[in-house]
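Asks: Numbering (the numbering used here), first residue to last: 492 to 900.
Quick reminder that beta carbons are idealized off the backbone N, C-alpha and C, glycines included.
Pasting a structure here, questions to come.
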């Protein structure tokens with residue numbers, strides 16, 4: 492199947508742009524007509540045209556439903572299945588009411604798939620960019636056991652808690668990033684607009700220019716004279732970094748390195764482990780076998796290093812080793828968590844203990860986030876102080892030298 496971009500008019504006459512997978516353009520046209528859309532233009536995704544931007548955006552990961560969109564979707568699906576509303580009718584209502592274009596397109600395709608006789612799980616698998624392996628497997632268990640409402644309730648609670656952790660981490664990291672950005676912007680403004688006004692005055696000192704003044708004058712000259720190359724260098728560096736991290740080796744190194752960043756790395760790690768343990772609790776609680784649960788979690792971590800560690804846990808479990816020993820050899824969990832896993836394994840209450848473990852990590856993340864500002868403020872203050880000191884010495888030392896020389900005359 493190939494990817495096609497299309498433009499058509501809906502029943503209300505409004506233009507609709509989108510992307511569909513089909514064998515050929517005729518297949519796309521047929522599916523659009525079935526949806527009540529009159530095709531205006533259909534072309535392969537590799538062709539030219541303004542809508543190619545949508546394809547590129549989609550392939551880069553843009554435009555995908557956010558976690559909050561999936562939380563809402565799961566809550567609505569739980570309501571639909573619990574109330575006994577037929578899936579086709581319920582999904583049709585969701586497709587009409589959702590405001591996210593990519594999710595709406597996926598729901599319409601799922602409706603077509605169900606009408607063609609496929610199951611819900613098979614229909615969801617057609618959209619891996621939206622529905623993760625963990626999501627699909629939990630729905631699969633619910634579909635096979637007649638407990639779809641419970642499956643969507645579990646997914647709703649899991650995604651809601653995951654979204655809460657993400658919001659807290661993002662909010663806490665935003666402050667130092669904004670401060671550092673403000674510092675860099677201030678230094679650039681001073682170097683470009685302020686320091687050049689003092690340059691003739693500093694040049695009058697000849698060879699007696701103090702070191703701090705030489706530093707800020709050199710930085711100012713470099714930024715003013717080489718600004719184009721600086722921009723090109725930044726773009727090239729970002730491109731090369733993107734290319735490197737798109738390889739398996741580069742992605743593995745980056746994913747491992749970002750977990751070791753001082754102060755912030757441990758928060759990212761514990762938030763990821765909270766997600767892993769809660770995913771395991773949801774998967775096992777839904778009825779997935781341990782090895783399948785670990786496999787789906789490994790695919791859904793979003794971190795290649797953690798995925799490799801969880802994958803090693805799965806391999807050890809498949810060899811017949813206990814979950815506790817497998818977790819210990821993975822090297823991800825501290826002794827306290829390993830003890831909790833051991834108790835859950837011995838008592839047959841792994842989902843409950845995994846939930847407790849996830850709550851433990853979430854409390855740790857909350858505690859570290861509450862103290863993040865206190866930990867970073869001294870570092871930021873020292874950094875700002877050094878910059879201010881260099882600027883002050885660079886500007887005032889020459890003035891003091893000139894005043895001293897004037898008095899000596």
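1) Ignoring anything shorter than 4 residues or poking outside the region 663–715, list the alpha helix (DSSP H) runs there in chain order.
2) Give the C-beta separation of residue 569 and residue 643 to the nearest angstrom, bearing in mind that I take them to be a contact with Cβ-Cβ under 8 Å.
3) In chain order, what residues of the same chain lie with their CB nearer than 7 Å to the CB of residue 530, ignoring the 5 residues before and after it?
4) Mind checking whether residue 834 and residue 848 have CB atoms under 7 Å apart?
5) Contact between the region 790–798 and the region 755–769: three or more CB pairs below 8 Å?
6) Start and end of the beta strand (DSSP E) containing residue 624?
7) Under three-state DSSP, which class holds residue 577?
8) Counting Cβ pairs, one atom from each stretch, are 3 or more of them under 8 Å apart for the region 742–757 and the region 802–810?
9) So, for residue 634: in the same chain, excluding its five sequence neighbours on each side, which residues have a beta-carbon less than 8 Å away from its beta-carbon?
10) DSSP state of residue 499, grouped into three classes?
11) I need the straight-line Cα distance from residue 685 to residue 708, nearest angstrom please.
12) How about residue 528: is its Cβ closer than 6 Å to a heavy atom in the ligand GDP?
13) To the nearest angstrom, how far is the alpha carbon of residue 650 from that of residue 751?
14) Taking the alpha carbon of residue 578 as the point to measure from, which residue in 601, 560, 558 has its own alpha carbon closest?
15) Out of 620, 778, 883, state which residue places its alpha-carbon closest to the alpha-carbon of residue 636.
16) Which residue marks the beginning of the beta strand (DSSP E) containing residue 533, and which one marks its end?
17) Where does residue 680 land, buried or exposed, given buried means 16+ other C-beta within 10 angstroms?
18) Compute the beta-carbon to beta-carbon distance between residue 572 and residue 639, rounded to the nearest angstrom, for a pair I have assumed lies under 8 Å.
19) Would residue 557 and residue 585 qualify as a contact pair, given that the criterion is a beta-carbon distance under 7 Å?
20) Once the 5 residues before and after residue 629 are set aside, which same chain residues still bring their CB inside 8 Å of it?
21) Shortest alpha-carbon distance to residue 798 belongs to which of 683, 852, 747?
22) Could you pull the DSSP bridge partners for residue 719 from this structure?
23) With a floor of 4 residues, list each alpha helix (DSSP H) that falls wholly inside the region 742–820, ordered by position along the chain.
24) Within its chain, find whatever has a CB closer than 8 Å to the CB of residue 687; leave out the 5 residues flanking it on each side and keep chain order.
25) Taking the C-alpha atoms as reference points, what is the distance between residue 789 and residue 832?
26) Is residue 510 helix, strand or coil by DSSP?
27) Going by DSSP in three states, residue 868 sits in which element: helix, strand or coil?
28) Please check the pair residue 671 and residue 768, which I expect to be a contact at CB under 8 Å, by giving their CB distance rounded to whole angstroms.
29) Please classify residue 730 as buried or exposed, where buried requires at least 16 neighbouring CB atoms within 10 angstroms.
30) So if DSSP puts residue 494 in a beta bridge, which residue, or which two residues, is it bridged to?
31) Tell me which same chain residues have a C-beta within less than 6 Å of the C-beta of residue 881, skipping the five on either side of it?
32) So within the region 559–613, which uninterrupted alpha helix (DSSP H) runs reach at least 4 residues, ignoring any that extend past its ends?
33) In its own chain, which residues sit with a C-beta less than 6 Å from the C-beta of residue 885, not counting the 5 before and 5 after it?
Replies: To lay it out plainly:
1) 686–694
2) 4 Å
3) 497, 499, 520, 523
4) No, they are not a contact pair.
5) yes
6) Residue 624 -> not in any beta strand (DSSP E); alpha helix (DSSP H) instead, spanning 624–636.
7) coil
8) no
9) 610, 611, 612, 642
10) strand
11) 11 Å
12) With respect to the ligand GDP, the structure offers nothing, as it holds no ligand at all.
13) 26 Å
14) The closest CA to that of residue 578, considering only 601, 560, 558, is found on 601.
15) Checked all of 620, 778, 883; the closest Cα to residue 636 is 778.
16) 529–535
17) Its Cβ having fewer than 16 others within 10 Å, residue 680 is exposed.
18) 4 Å
19) no
20) 642, 645, 646, 773, 774, 777, 779
21) 747
22) Per DSSP, none; premise fails for residue 719.
23) Here the runs fully enclosed are 755–776, 781–791, 795–809.
24) Taking residue 687 as the centre and dropping the five residues before and after it, the same chain places the C-beta of 711, 715 closer than 8 Å to its C-beta, in chain order.
25) 18 Å
26) strand
27) Reduced to three states, the DSSP call for residue 868 is helix.
28) Contact doesn't hold; Cβ gap of about 32 Å is too wide.
29) Per the 10 Å Cβ criterion, exposed.
30) 512
31) 703
32) 578–588, 592–606
33) 703, 704, 707
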